[in-house]
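Novice: From first to last, the protein sequence lines stand for chains A and B.
Residue numbers for the first sequence follow the numbering used here, so the first one is 26 and each next one is one higher.
Residue numbers for the second sequence follow the numbering used here, so the first one is 26 and each next one is one higher.
No residue lacks a Cβ here, since even glycine has one placed at the ideal position from N, Cα and C.
Protein chains: 2
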Amino acid sequence: MDNVNVEALTQAVLGRIFIELEASGRHVHVTREQAQTLFGHSLTPKRPLSQPGQFLSNERVTVIGPKGEFQNVAVLGPERNEAQVEISLTDARELGLTPPVRSSGDVSGSPGVRLVGTNGSITIPQGVIAAQRHIHMTPQDAARMGVRDKQVVKLQVFTQRPLIFEDVVVRVNPDYATFAHLDYDEANACGFQKGDLGRILP
Amino acid sequence: MDNVNVEALTQAVLGRIFIELEASGRHVHVTREQAQTLFGHSLTPKRPLSQPGQFLSNERVTVIGPKGEFQNVAVLGPERNEAQVEISLTDARELGLTPPVRSSGDVSGSPGVRLVGTNGSITIPQGVIAAQRHIHMTPQDAARMGVRDKQVVKLQVFTQRPLIFEDVVVRVNPDYATFAHLDYDEANACGFQKGDLGRILP
Chain A
26 MDNVNVEALT QAVLGRIFIE LEASGRHVHV TREQAQTLFG HSLTPKRPLS
76 QPGQFLSNER VTVIGPKGEF QNVAVLGPER NEAQVEISLT DARELGLTPP
126 VRSSGDVSGS PGVRLVGTNG SITIPQGVIA AQRHIHMTPQ DAARMGVRDK
176 QVVKLQVFTQ RPLIFEDVVV RVNPDYATFA HLDYDEANAC GFQKGDLGRI
226 LP
Chain B
26 MDNVNVEALT QAVLGRIFIE LEASGRHVHV TREQAQTLFG HSLTPKRPLS
76 QPGQFLSNER VTVIGPKGEF QNVAVLGPER NEAQVEISLT DARELGLTPP
126 VRSSGDVSGS PGVRLVGTNG SITIPQGVIA AQRHIHMTPQ DAARMGVRDK
176 QVVKLQVFTQ RPLIFEDVVV RVNPDYATFA HLDYDEANAC GFQKGDLGRI
226 LP
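(1) Hey, A:His-159 and A:Val-193: beta-carbon distance below 9 Å or not?
(2) Please confirm whether A:Thr-115 has its beta-carbon closer than 9 Å to some beta-carbon of chain B.
(3) Could you pull out every residue in the same chain whose Cβ sits closer than 6 Å to the Cβ of A:Gly-216, ignoring the five residues on either side in sequence?
(4) Measuring CB to CB, does A:Arg-85 end up less than 9 Å from A:Ala-99?
(5) Of all the CB atoms in chain B, is at least one closer than 9 Å to the CB of A:Glu-47?
(6) Chain A partners of B:Leu-140, CB-CB under 8 Å?
(7) Where do the ends of the alpha helix (DSSP H) carrying A:Asp-279 lie?
(8) Do A:Ile-112 and A:Ile-225 have their CB atoms nearer than 9 Å?
(9) For B:Val-126, which residues in chain C fall below 9 Å Cβ to Cβ?
(10) For the alpha helix (DSSP H) containing A:Pro-73, list its first residue and its last residue.
(11) To the nearest angstrom, how far is the alpha carbon of B:Asn-83 from that of B:Pro-73?
(12) So for B:Arg-139, helix, strand or coil by DSSP?
(13) Determine the chain B residues that contact A:Glu-191 at a beta-carbon separation under 7 Å, and present them in chain order.
(14) What number of angstroms, rounded off, separates the C-alpha of A:Thr-148 from the C-alpha of B:His-66?
(15) Give the interface partners of A:Asn-106 over in chain B, defined as CB-CB distance under 7 Å, in chain order.
(16) Rounded to whole angstroms, what's the CA-CA distance from A:Phe-204 to A:Glu-94? Just pull it up for me.
(17) Is there a C-beta anywhere in chain A that falls below 9 Å from the one on B:Glu-94?
(18) Evaluate A:Ala-48 with the Cβ neighbour count: other Cβ atoms within 10 Å of its Cβ, from every protein chain shown; 16 or more gives buried, anything less gives exposed.
(19) Starting from B:Tyr-209, find everything on chain A with Cβ-Cβ shorter than 7 Å and list it in chain order.
(20) Out of B:Ser-135, B:Leu-180 and B:Gly-142, point me to the one whose CA is closest to B:Ile-89's CA.
(21) Using beta carbons (cut-off 9 Å, strictly below), is A:Asn-97 in contact with chain B?
This is the structure:
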């Protein structure tokens with residue numbers, strides 16, 4: 026193995042077969058105007074997320090539903106054109122909401138909720154969803170793995186409680202990094218731990 | 026279709042292929058002595074569960090972990106030889122515990138927890154587990170489906186968010202009724218609704 030970077034080679038080979046998993050906790054997206062109302066200023070980055078340009082902000086909100094509330098909920102940036110609250114179905118039960126399982130951005134007809142920040146509060150008329158499980162993918166990885174944007178695939182996960190997710194949407198974009206995203210119900214159902222991998226089944 | 030009970034025939038045919046799913050919420054099992062301490066009397070049945078002889082009791086406890094607590098947690102009867110607290114991994118995070126994923130009854134080395142009833146409280150030294158997903162099965166159904174006690178199978182579920190659970194333990198006993206049991210993480214990960222069915226994959 027002289028003159029070969031074994032680590033880089035291993036990563037390259039594994040990257041053609043496996044997809045790293047990530048678990049997304051409950052979180053909120055807001056518009057620029059809503060950030061002003063909630064915090065008195067725009068979102069400020071705390072740390073970058075795996076998707077290029079996306080960040081965890083320093084700002085937090087309380088999400089108040091008809092039956093319960095969650096304090097200290099993460100707000101992700103940058104700001105968007107419409108507010109969105111992504112929760113698990115376990116969270117939904119606690120809040121007293123019945124959100125649809127949807128792809129990010131597809132919020133029409135979904136329940137609304139109240140958000141309270143350090144500077145003010147808002148009630149959004151819609152935007153609460155349980156995120157449909159999905160794989161962010163670069164066009165290069167999509168070509169390698171033989172899948173296309175919006176394709177629904179089966180994802181086998183190699184985790185403590187292994188299973189095969191059957192309705193996983195592939196989303197291909199040059200701005201993405203290749204990661205499969207699960208919510209916490211899904212992450213716990215498969216016993217996910219950081220670094221776990223999955224693969225698309227034919 | 027004269028002289029044929031179509032409903033009974035349909036049920037019989039479906040029962041050879043499909044298994045009804047059930048979701049188990051967080052719950053507690055206690056010994057007779059512990060019931061005395063917690064409630065001042067033995068458990069009293071509120072309603073029967075799907076497994077013959079098992080019941081939801083009228084009694085409730087508060088489960089207190091290092092980081093959080095759950096009030097009003099169901100206690101299932103009849104009493105057992107050892108206490109057991111079955112929670113989801115989402116629950117575990119909230120309580121501040123890291124339970125193993127185990128079959129019911131296999132609690133050695135698992136975390137303990139504090140239980141508070143209407144009459145008193147106890148601290149159990151072990152017994153907190155996340156239940157390994159499992160199928161209770163009659164010997165007749167096991168023979169029909171070609172599986173045996175303790176066999177690990179794949180269970181495909183026909184739910185709103187379909188998936189295939191890969192590590193499902195079959196438990197065969199003449200005292201059982203045939204049902205697949207999921208915890209709430211698993212139930213929510215697959216979008217379970219009452220009456221949903223699954224089938225064992227070959």
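Specialist: Let me spell this out:
(1) The residue given as residue 159 of chain A occupies position 134 in the first sequence. The residue given as residue 193 of chain A occupies position 168 in the first sequence. Against a cut-off of 9 Å, the Cβ pair of A:Val-193 and A:His-159 comes out as a contact.
(2) As a first step, residue 115 of chain A is located in the first sequence; it is residue number 90 there, counting from the start. Yes - at least one Cβ of chain B is within 9 Å of the one on A:Thr-115.
(3) Stepping through the first sequence from its first residue, residue 216 of chain A is reached at position 191. Closer than 6 Å at the Cβ level, and outside the excluded window around A:Gly-216, lie Thr-184, Gln-185 and Arg-186.
(4) Reading the first sequence from its first residue, position 60 is the one you call residue 85 of chain A. Reading the first sequence from its first residue, position 74 is the one you call residue 99 of chain A. It is a contact, given that the beta carbons lie within the stated cut-off.
(5) Numbered from its first residue, the first sequence carries residue 47 of chain A at position 22. So no, A:Glu-47 is outside the interface.
(6) On the second sequence, position 115 is the one that residue 140 of chain B refers to. Within chain A, no residue comes near B:Leu-140; the closest Cβ sits about 22 Å away, beyond 8 Å.
(7) As displayed, chain A neither begins before 26 nor continues past 227, which places residue 279 of chain A out of reach and without an answer.
(8) The residue you call residue 112 of chain A lines up with position 87 of the first sequence. The residue you call residue 225 of chain A lines up with position 200 of the first sequence. Cβ atoms of A:Ile-112 and A:Ile-225: not closer than 9 Å.
(9) Chain labels in this structure do not include chain C; the protein chains are A and B.
(10) The count along the first sequence starts at 1 and reaches residue 73 of chain A at position 48. From DSSP, A:Pro-73 is part of no alpha helix (DSSP H) but of the beta strand (DSSP E) over 70 to 73.
(11) Mapped onto the second sequence, residue 83 of chain B falls at position 58. Mapped onto the second sequence, residue 73 of chain B falls at position 48. Distance between the alpha carbons of B:Asn-83 and B:Pro-73 is about 11 Å.
(12) What you label residue 139 of chain B is simply residue 114 of the second sequence in a count that begins at 1. Reduced to three states, the DSSP call for B:Arg-139 is strand.
(13) Here residue 191 of chain A is taken as the residue at index 166 of the first sequence, counted from 1. Going along chain B in sequence order, the residues near A:Glu-191 (Cβ under 7 Å) are Pro-187, Leu-188 and Ile-189.
(14) To locate residue 148 of chain A, count along the first sequence from 1; it is residue 123. To locate residue 66 of chain B, count along the second sequence from 1; it is residue 41. Answer to the nearest angstrom: the Cα atoms are 48 Å apart.
(15) For the purposes of this step, residue 106 of chain A is taken as residue 81 along the first sequence, with counting starting at 1. Those do not exist, as A:Asn-106 stays about 27 Å from chain B at its closest Cβ, beyond 7 Å.
(16) The residue you call residue 204 of chain A lines up with position 179 of the first sequence. The residue you call residue 94 of chain A lines up with position 69 of the first sequence. Their Cα atoms are separated by approximately 30 Å.
(17) For this step, residue 94 of chain B is matched to residue 69 along the second sequence. So no, B:Glu-94 is outside the interface.
(18) Here residue 48 of chain A refers to the residue found at position 23 when the first sequence is read from its first residue. Per the 10 Å Cβ criterion, buried.
(19) Mapped onto the second sequence, residue 209 of chain B falls at position 184. The answer, in chain order, is Thr-115.
(20) For the purposes of this step, residue 89 of chain B is taken as the residue at position 64 of the second sequence. Answer by Cα proximity: B:Gly-142.
(21) One-based indexing of the first sequence puts residue 97 of chain A at position 72. Using a Cβ-Cβ cut-off of 9 Å, A:Asn-97 does not count as an interface residue toward chain B, since no Cβ of chain B sits closer than that to its own.
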